[in-house]
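Peer 1: The sequence shown runs 751 to 1001 under the working numbering.
Ideal Cβ placement from N, Cα and C applies to all residues, glycine included.
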Amino acid sequence: MRAVLAAPPPTLLVIAKEPVPGRVKTRLTPACTPVQAAALAEAALVDTLAALSAVPAGRRLLVLDGTPGRWLPPGWEVVPQVPGGLDVRLAAAFAEAGPDAPALLVGMDTPQLTAAALAEPLSPAQRAGTDAWYGPAADGGFWALGLARPDAALARRLLVGVEMSTARTGAELLARLAAEGLVVRGLGELTDVDTVEDARLVAGQAPGGRFAARWTQVAASQATTSQATAPQATTPQAAAATAGPATAVRR
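1. Buried or exposed: which applies to residue 893, given that a residue is buried once 16 or more other Cβ atoms fall within 10 Å of its Cβ?
2. Which residues bound the alpha helix (DSSP H) around residue 920?
3. DSSP state of residue 764, grouped into three classes?
4. Given this structure, state the Cα-to-Cα distance separating residue 968 from residue 928, to the nearest angstrom.
5. Just the Cα atoms here: how many angstroms apart are residue 813 and residue 855?
6. What does residue 821 pair with, by DSSP beta-bridge criteria?
7. Closer than 8 Å by C-beta to residue 767: which residues in its own chain qualify, once you throw out the five before and the five after it? Chain order, please.
8. Roughly how many angstroms lie between the CA atoms of residue 752 and residue 922, to the nearest whole one?
9. Could you round the C-beta distance between residue 949 and residue 900 to whole angstroms and report it? I think they count as a contact, below 8 Å.
10. Report the CB separation of residue 782 from residue 952 in whole angstroms; it is logged as a contact under 8 Å.
11. Hey, is the region 823-834 in contact with the region 872-882, meaning 3+ C-beta pairs nearer than 8 Å?
12. Provide the residue span of the beta strand (DSSP E) that contains residue 954, from first to last.
13. By alpha-carbon positions, which one of 933, 865, 779 ends up nearest to residue 762?
14. From the DSSP output, which residues share a beta bridge with residue 827?
15. In chain order, what residues of the same chain have a beta carbon less than 6 Å from the beta carbon of residue 868, not counting five sequence neighbours either side?
16. Determine the extent of the beta strand (DSSP E) in which residue 855 is found, giving its start and end residues.
17. Among 852, 770, 849, which residue has its Cα nearest to the Cα of residue 819?
18. Would you mind sorting residue 912 into buried or exposed? The rule is 16 or more other CB atoms within 10 Å of its CB.
19. For residue 798, count neighbouring C-beta atoms within 10 Å of its own C-beta (all shown protein chains included) and say buried if the count is 16 or more, exposed if not.
20. Specify, as a first and last residue, the run of the alpha helix (DSSP H) that residue 832 falls within.
Now the structure itself:
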């Protein structure tokens, strides 16, 4: 019991891009405009930061590519991402956490994430004997990675060189976790928002969030645009009127 009470609260990290049109959620276009895609990205980030703000933590770090905006809630430290591929940037994020408390990192693509999904597995009573946490994504990637004893060298061994954004990404990371001899606790599977179909699905899973509200606006705008550009149906009577009076043909 004394060890549980003395366990340090975790460090929570979110790795994200500033939601600028043309730089985020590009796979949502052309179904969405760049401005709509950026608005959806901002809403997803807002929901993610809100969820993690409700999880007990010692520190909360936003590892950001860009500049924070009004969407940043209080209580978050902002650190810049390092140059390099996503594998390098993810590994470097753990170096910001420090070695004295567990650290868990998520991205900005899962706005349906709830505080309860992380609070229980990260609680002192539940994390005893766990070396790492792993959250699988439905597309074969991963949405969360946590280390009970964050170490920059360990993070590099786990992440650098893993090919990101493929159906094998998660399996390769799990293999590396196993090769390090780490005891891994699995978190629930979530869908990353990469496509319009993903956005529709995730909005339905978390209907009360900012992302769902923004998706409703985007979908309504798309429906209005579609109706405005659709060819108008023409009745035979209207076609005859448009053609003008018939002309007799002399034989």
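Peer 2: In brief:
1. Translated into the one-based positions of the sequence shown, residue 893 becomes position 143. Counting Cβ neighbours within 10 Å, residue 893 comes out buried, since at least 16 surround it.
2. Start at 1 with the first residue of the sequence shown, and residue 920 comes out as number 170. 919-929 is the span of the alpha helix (DSSP H), which, as asked, contains residue 920.
3. As a working mapping, residue 764 is identified with position 14 in the sequence shown. Residue 764 falls in the strand class under three-state DSSP.
4. For the purposes of this step, residue 968 is identified with residue 218 of the sequence shown, where counting begins at 1. For the purposes of this step, residue 928 is identified with residue 178 of the sequence shown, where counting begins at 1. Taken atom to atom, the span from the alpha-carbon of residue 968 to that of residue 928 is near 42 Å.
5. Taking the first residue of the sequence shown as 1, we reach residue 813 at position 63. Taking the first residue of the sequence shown as 1, we reach residue 855 at position 105. Using only the alpha carbons, I get a separation of about 10 Å.
6. Within the sequence shown, the letter at position 71 stands for residue 821. Beta-bridge pairing links residue 821 to no other residue.
7. Start at 1 with the first residue of the sequence shown, and residue 767 comes out as number 17. Contacts found: 773, 774, 791, 814, 815, 816, 858.
8. For the purposes of this step, residue 752 is taken as the residue at position 2 of the sequence shown. For the purposes of this step, residue 922 is taken as the residue at position 172 of the sequence shown. A caution first: residue 752 carries a pLDDT of 47, below 50, which makes its placement in the model unreliable, though a value can still be read off. Near 37 Å, if we compare the C-alpha coordinates of residue 922 and residue 752.
9. Taking the first residue of the sequence shown as position 1, residue 949 is located at position 199. Taking the first residue of the sequence shown as position 1, residue 900 is located at position 150. So it is not a contact: roughly 32 Å between Cβ atoms.
10. One-based indexing of the sequence shown puts residue 782 at position 32. One-based indexing of the sequence shown puts residue 952 at position 202. 14 Å between Cβ atoms; not a contact.
11. In this structure the region 823-834 does not touch the region 872-882; the number of beta carbon pairs closer than 8 Å is below three.
12. For the purposes of this step, residue 954 is taken as the residue at position 204 of the sequence shown. For residue 954, there is no enclosing beta strand (DSSP E); the residue is part of the alpha helix (DSSP H) that begins and ends at 946-955.
13. In the sequence shown, the residue the question calls residue 762 occupies position 12. Considering only alpha carbons, the answer is 865.
14. Here residue 827 corresponds to residue number 77 of the sequence shown, with the count starting at 1. Residue 827 is bridged to 811.
15. As a working note, residue 868 is residue 118 in the sequence shown. Here residue 868 has 805 as same chain residues with Cβ atoms under 6 Å from its own Cβ, once five neighbours each way along the sequence are excluded.
16. For the purposes of this step, residue 855 is identified with residue 105 of the sequence shown, where counting begins at 1. Per DSSP, residue 855 belongs to the beta strand (DSSP E) from 853-856.
17. By one-based count along the sequence shown, residue 819 stands at place 69. Distances from the alpha-carbon of residue 819 to those of 852, 770, 849 put 770 closest.
18. Stepping through the sequence shown from its first residue, residue 912 is reached at position 162. Buried: at least 16 other Cβ atoms inside 10 Å.
19. Position 48 of the sequence shown, counted from the first residue, corresponds to residue 798. Residue 798 is classed as buried because its beta carbon has at least 16 other beta carbons within 10 Å across all chains shown.
20. Counted from its first residue, the sequence shown places residue 832 at position 82. Residue 832: not part of any alpha helix (DSSP H); DSSP gives it neither H nor E.
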